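In the working numbering, each residue carries its 1-based index in the sequence shown increased by 1296.
Yeah, the Cβ is synthetic: ideal placement off N, Cα and C, and Gly gets one too.
Values in this document were obtained by computation on a predicted structure and should not be read as measured data.
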Amino acid sequence: MRLPGLSVREFHPRCFLINDQVYARGRDVVVAADTQSPLAPEYEIRAGTVLVRAEGQDHFVVATDARADWARPATASALQPADAAWANSIVTVSLSRGLGFSVLLDPAAQDNAAVIDQLNRNAGFAGHFLADEDAAGHVRIRSRRSGADAFVLVESSHAPAFGATGVPGVGRDPEVCVADGLGELKDLQGKRVPALVPVLRKGHFDEGQLIGLTPEAKRVLSRHGSLFSSRS
């Protein structure tokens, strides 16, 4: 007796999407075995969960995980340690080319500590930037704003300090995506295992339906073209 054919249809709930506007699928990502979902059961990564690449790793974790990478500021370091030749020079730090804050260093600016102190005490500079010393022992200037849209350009009237054309720096975003399917972080024996999860790189999201969305993850998704709305 011939049995009627059976068909299996896979269903992917997408209540976290408003529509297919600006929708873009990304390559599947590996979610770390010990990641915990904000919703029970914590070993299930549900569709709509916001994922971020773990700092310095190939795997991803939920955006609320302490191991998630974060947005970095724009950074520019001097080409040499500060010395007596820096005294009375002008350091110009810009948010973009042509839009800068100039700081006149006084005669005491003859080492890194003095230069850093004078930069940070300048109100215009301090409102947008922070000066300190990098691991190489050079003056480092960072933007207070973080992310891929952060920019800094540091120039000096003493050319050897930051070069003839200045030192630019650009911020960096973490890698953020949204799960577009279920990831099971346990095998049949109950052992924790990593999961390969399909993801969206951008979309028109129902913000209230996303799981583990953080303010930073939202900013990154927005910068990459995502939209956020609410059905309620």
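Whole-angstrom distance between V1346 and R1363, CA atom to CA atom: If you number the sequence shown from 1, residue 1363 lands on position 67. If you number the sequence shown from 1, residue 1346 lands on position 50. So the two alpha carbons sit approximately 14 Å from each other.
Three-state secondary structure (DSSP) of D1502: Counting from 1 along the sequence shown, the entry for residue 1502 is found at position 206. If DSSP states are grouped into helix, strand and coil, D1502 belongs with the strands.
Closest residue to G1459 among P1377, G1467, R1310 and V1318 (Cα-Cα distance): Residue mapping note: residue 1459 aligns to position 163 of the sequence shown, counting from 1. Cα-wise, what sits closest to G1459 is P1377.
Please report the straight-line C-alpha distance between A1422 and K1514, rounded to a whole angstrom. Position 126 of the sequence shown holds residue 1422. Position 218 of the sequence shown holds residue 1514. Computed Cα separation, rounded: 27 Å.
Cβ contact (3+ pairs, closer than 8 Å) linking the stretch 1384-1402 and the stretch 1444-1453: Segments in contact, yes.
I'd like the span of the alpha helix (DSSP H) that includes G1420, first residue to last. Working through the sequence shown from its first residue, we reach residue 1420 at position 124. Boundaries of the alpha helix (DSSP H) harbouring G1420: A1419 to A1422, taken from the DSSP string.
Strand pairing of G1467, partner residues [DSSP]: For this step, residue 1467 is matched to residue 171 along the sequence shown. Partner residues in a beta bridge of G1467, as assigned by DSSP, do not exist.
Decide if the stretch 1430-1449 is in contact with the stretch 1477-1491; the criterion is three or more beta carbon pairs, one per stretch, under 8 Å apart. Below 8 Å, too few C-beta pairs join the stretch 1430-1449 and the stretch 1477-1491 to call them touching: fewer than three.
Take N1408 and list the residues in its own chain whose beta-carbon comes closer than 8 Å to its own, dropping the five residues that flank it on each side. Within the sequence shown, numbered from 1, the residue matching residue 1408 stands at position 112. Cβ neighbours of N1408 within its own chain (closer than 8 Å, five residues either side excluded): P1377, A1378, E1429, G1433, H1434 and V1435.
Mind reading off the beta-carbon distance from A1367 to E1471? Whole number of angstroms is fine, and I expect it under 8 Å. Taking the first residue of the sequence shown as 1, we reach residue 1367 at position 71. Taking the first residue of the sequence shown as 1, we reach residue 1471 at position 175. Rounded to the nearest angstrom, the Cβ distance from A1367 to E1471 is 11 Å, too far for a contact under 8 Å.
Three-state class that DSSP yields for S1518 in the structure shown: By one-based count along the sequence shown, residue 1518 stands at place 222. The answer is helix: DSSP assigns S1518 an H, G or I state.
Can you pull the DSSP bridge partners for E1335? Here residue 1335 corresponds to residue number 39 of the sequence shown, with the count starting at 1. First, the residue type needs correcting, since residue 1335 is Leu and not Glu in the sequence shown. BP columns for L1335 are empty, so no partner.
On the criterion of 16 or more Cβ atoms from any shown chain inside 10 Å, does I1386 qualify as buried, or is it exposed? Translated into the one-based positions of the sequence shown, residue 1386 becomes position 90. Label assigned to I1386: exposed.
P1494 in three-state terms, based on DSSP: Taking the sequence shown and counting its residues from 1, the one referred to as residue 1494 is at position 198. Three-state DSSP puts P1494 in a strand.
Count the other C-beta atoms from every protein chain shown that fall within 10 angstroms of the C-beta of Q1414, then say buried if there are 16 or more, exposed otherwise. Position 118 of the sequence shown holds residue 1414. Q1414 is buried by the Cβ-count criterion.
Do A1427 and I1412 have their C-beta atoms closer together than 8 Å? Within the sequence shown, the letter at position 131 stands for residue 1427. Within the sequence shown, the letter at position 116 stands for residue 1412. Yes, the pair counts as a contact, with Cβ atoms nearer than the cut-off.
Just to confirm my understanding: we take R1488, look at its own chain, exclude 5 residues before and 5 after, and list those with CB closer than 8 Å. What are they? Residue mapping note: residue 1488 aligns to position 192 of the sequence shown, counting from 1. Cβ neighbours of R1488 within its own chain (closer than 8 Å, five residues either side excluded): A1329, D1330, Y1339, L1481 and K1482.
Are the CB atoms of F1312 and F1501 nearer to each other than 8 Å? Within the sequence shown, numbered from 1, the residue matching residue 1312 stands at position 16. Within the sequence shown, numbered from 1, the residue matching residue 1501 stands at position 205. Taking 8 Å as the cut-off, the Cβ atoms of F1312 and F1501 count as close.
Are L1400 and W1382 close, meaning C-beta to C-beta below 8 Å? Translated into the one-based positions of the sequence shown, residue 1400 becomes position 104. Translated into the one-based positions of the sequence shown, residue 1382 becomes position 86. No; because the gap between Cβ atoms is not below 8 Å, this pair is not in contact.
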